[in-house]
Amino acid sequence: MMNSEAGTVVPVSSKSCLSHIGLKRRCPLVGIFKKGIKCSYCHSVPVMADDIPASISNGNTQHDPKRTFQVVVAATRDMGIGKDGKLPWKLPSDLKFFKEVTMTVSDPVKKNAVIMGRKTWESIPLQNRPLPGRLNVVLTRSGSFDIATAENVVICGSMNSALKLLAATPYCLSIEKVFVIGGGQVLRESLNAPECEAIHLTDIETDFECDTFIPPIDFAVFQPWHSSFPLVENNIRYSFVTYVRVRRSATELHALHDGGKTDGKLYLNKFEVQRFSFLPKMIHEKHEEYVYLRLVQDIIANGAQKNDRTGTGTLSKFSCQMRFNLRKSFPLLTTKKVFWRGVVEELLWFISGSTNAKALQEKDIHIWDGNASREYLDSVGLSFREEGDLGPIYGFQWRHFGAEYTDMHADYTGKGFDQLLDVVDKIKNNPDDRRIILSAWNPSDLKKMALPPCHMFAQFYVENGELSCQMYQRSADMGLGVPFNIASYSLLTCMIAQVCALTRFGFSAWQYDYLRLPGEENIGMKKQRKFKLQCIDNSEFEHG
Numbered sequence: 001m002m003n004s005e006a007g008t009v010v011p012v013s014s015k016s017c018l019s020h021i022g023l024k025r026r027c028p029l030v031g032i033f034k035k036g037i038k039c040s041y042c043h044s045v046p047v048m049a050d051d052i053p054a055s056i057s058n059g060n061t062q063h064d065p066k067r068t069f070q071v072v073v074a075a076t077r078d079m080g081i082g083k084d085g086k087l088p089w090k091l092p093s094d095l096k097f098f099k100e101v102t103m104t105v106s107d108p109v110k111k112n113a114v115i116m117g118r119k120t121w122e123s124i125p126l127q128n129r130p131l132p133g134r135l136n137v138v139l140t141r142s143g144s145f146d147i148a149t150a151e152n153v154v155i156c157g158s159m160n161s162a163l164k165l166l167a168a169t170p171y172c173l174s175i176e177k178v179f180v181i182g183g184g185q186v187l188r189e190s191l192n193a194p195e196c197e198a199i200h201l202t203d204i205e206t207d208f209e210c211d212t213f214i215p216p217i218d219f220a221v222f223q224p225w226h227s228s229f230p231l232v233e234n235n236i237r238y239s240f241v242t243y244v245r246v247r248r249s250a251t252e253l254h255a256l257h258d259g260g261k262t263d264g265k266l267y268l269n270k271f272e273v274q275r276f277s278f279l280p281k282m283i284h285e286k287h288e289e290y291v292y293l294r295l296v297q298d299i300i301a302n303g304a305q306k307n308d309r310t311g312t313g314t315l316s317k318f319s320c321q322m323r324f325n326l327r328k329s330f331p332l333l334t335t336k337k338v339f340w341r342g343v344v345e346e347l348l349w350f351i352s353g354s355t356n357a358k359a360l361q362e363k364d365i366h367i368w369d370g371n372a373s374r375e376y377l378d379s380v381g382l383s384f385r386e387e388g389d390l391g392p393i394y395g396f397q398w399r400h401f402g403a404e405y406t407d408m409h410a411d412y413t414g415k416g417f418d419q420l421l422d423v424v425d426k427i428k429n430n431p432d433d434r435r436i437i438l439s440a441w442n443p444s445d446l447k448k449m450a451l452p453p454c455h456m457f458a459q460f461y462v463e464n465g466e467l468s469c470q471m472y473q474r475s476a477d478m479g480l481g482v483p484f485n486i487a488s489y490s491l492l493t494c495m496i497a498q499v500c501a502l503t504r505f506g507f508s509a510w511q512y513d514y515l516r517l518p519g520e521e522n523i524g525m526k527k528q529r530k531f532k533l534q535c536i537d538n539s540e541f542e543h544g
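Numbering follows full-length UniProt numbering, in which position 371 of the sequence shown is assigned residue number 371; successive positions increment by one, without gaps.
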């Protein structure tokens, strides 16, 4: 620790085929979760006092340094937070979550601070205040309110003065994170303030009468980091959602929109933040990208070494599972970019029932070129097949299961069983059906296919107006096929949900059994080095 003369350590914050299943327009996917660009903020970086910039709050120029903070709040869908000065609901799990978030520190010699208004302080049962293990900062302008002698309690006249106080010694050395916890007036002032770097929301989905409200979250500035699956306690349905600041203000988003007029490649929702290590560890580790990265690391460390038809060899693992929540985000996963345009065009191609690789080539999509080439078709005994004719693969099985396949030019209208229409019909008219299944695996047609299906089976499930999908993959390349196919079936789930008038998307579960042998997940031996380098710092992953 440096002395006052040497300097002080302070925290610096720094298509037409859609109509085949009843979809008349493109699915408006909003808020696709992308990130990976360098962070524009700094968080808890030790600097000498002489080097302190004019601002330590998200890059905004200010005369006095202030701490950044995170908000912790439970609210209904219309952002109601209280009734008659009390919480309208009883959720022990929410109280446990609140305690874990606000008390957890990475440095055991430090503690966190919680900022609250006077009414919130007074609403805490006497035996529970001050909140233990945290510095309690109470905001009040009342001169008669005197609790300065209480241990772990300080009084400030405003949010601004509290943030300045916590940025100065001794609190800049002893306080790790700052959380704003209420009440209504304090949250109305702080929820979308420039110093707010994250919002931990308990999203109460059950209706409650409230008389205290806070403003909606500014989604031009905040994007979801993690959303739990829906929970039910005391007949109350809720979920835990964390939002992180990705822009200083909505003005930046408007600038991006203006730039988009001349740059068609602009990603308006791409995260411009590289690291979010300021989040509580329990929250930071829940980002679903880590599900994928941890599986990659597990296969590298524990995978079985196997031979494959390419001769390069693989590391494989049997019967792995990954789950992703589609309610507030979209899984574009991998240690490099997913070919999103390819995902969309291929899925639309599947939906159309086409088996002609040239239809994709005309759109500059070449993912099927290798399997559609003259050389490849000859090598798998399909020399009679025209180049570009892939045989009765995915789209044919989805739309014409059981029909006799001749070639890619034939008209199969009304032939075979249309599984995709059947899926849509069951979801609309019999959502409790346990047979809402889409299968591309047709043993009698396997030898006619240029490539037997890898993502071979999907089952759909409806609950509380939300659609879920579980996809089984018999073989997958972790670096290429897995992220691509997860994105494809997630998009299919979103499209079907829209067609079936399901207003919210449920989570998707992906059951993987991979490799070039049935039921194994694999990583090619030559790719291991690249994977290891890409996963060394898995906070630097990038969504496509």
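Just so you know, even glycine gets a beta-carbon here, dropped at the ideal spot from N, CA and C.
Keep in mind it's a predicted model, so treat the numbers as computed, not measured.
Check                                                                                                                             : Outcome
Neighbourhood of residue 452 by C-beta distance below 7 Å, restricted to the same chain and skipping five residues each side      : 446
C-beta contact flag for residue 551 and residue 332 at 8 Å                                                                        : This structure does not reach residue 551, given that the chain is present from 1 up to 544, and the question cannot be answered.
Beta-carbon contacts of residue 437 that lie in its chain and below 6 Å, excluding the five residues immediately before and after : 459
Residue 92 - containing alpha helix (DSSP H), residue span                                                                        : 92-103
When 486, 232 and 223 are compared against residue 342, the one with the closest alpha-carbon                                     : 486
Bridge-paired residues (DSSP) for residue 480                                                                                     : For residue 480, which the question treats as bridged, DSSP gives no partner whatsoever.
Distance, residue 247 Cα to residue 221 Cα                                                                                        : 5 Å
Member of 352, 477 and 465 whose CA lies at the smallest distance from the CA of residue 498                                      : 465
Beta-carbon spacing of residue 237, residue 206 below 8 Å                                                                         : yes
Element boundaries [beta strand (DSSP E), containing residue 155]                                                                 : 153-156
contact_flag[the segment 383-400, the segment 340-354] where n(CB pairs < 8 Å) is 3 or more                                       : yes
C-beta neighbour in chain B for residue 239, strict 8 Å                                                                           : Although the question refers to chain B, the structure presented lacks it and comprises just one protein chain.
Environment of residue 263 [buried if 16+ CB atoms lie within 10 Å]                                                               : Unreliable placement is indicated for residue 263, whose pLDDT of 40 sits below 50; the coordinate value is still reported in the next sentence. Residue 263 comes out exposed.
Whole-number beta carbon distance between residue 281 and residue 106, since they are thought to touch under 8 Å                  : 6 Å
Span of the alpha helix (DSSP H) around residue 469                                                                               : Where residue 469 is concerned, there is no enclosing alpha helix (DSSP H), although the beta strand (DSSP E) it sits in stretches over 466-473.
Whole-angstrom distance between residue 155 and residue 161, CA atom to CA atom                                                   : 10 Å
Proximity below 8 Å, CB of residue 212 to CB of residue 82                                                                        : yes
Whole-number beta carbon distance between residue 150 and residue 130, since they are thought to touch under 8 Å                  : 6 Å
Spatial neighbours of residue 176 in its chain, beta-carbon cut-off 8 Å, leaving aside the 5 residues before and after            : 44, 105, 106, 107, 110, 111 and 112
Distance between residue 344 and residue 116 (C-alpha atoms, nearest Å)                                                           : 47 Å
Bridge partner(s) assigned by DSSP for residue 83                                                                                 : 86
Selection from 180, 440, 340 and 434 that minimises the alpha carbon distance to residue 420                                      : 440
Unbroken alpha helix (DSSP H) run spanning residue 394, endpoints                                                                 : 394-400
Among 204, 158, 354 and 135, the one whose alpha carbon lies nearest that of residue 142                                          : 158
Residue 164 versus residue 170 - alpha carbon distance                                                                            : 12 Å
Counted within 10 angstroms of its Cβ, other Cβ atoms place residue 397 as buried (16 or more) or exposed                         : buried
Bounding residues of the alpha helix (DSSP H) (the contiguous stretch that carries residue 427)                                   : 419-429
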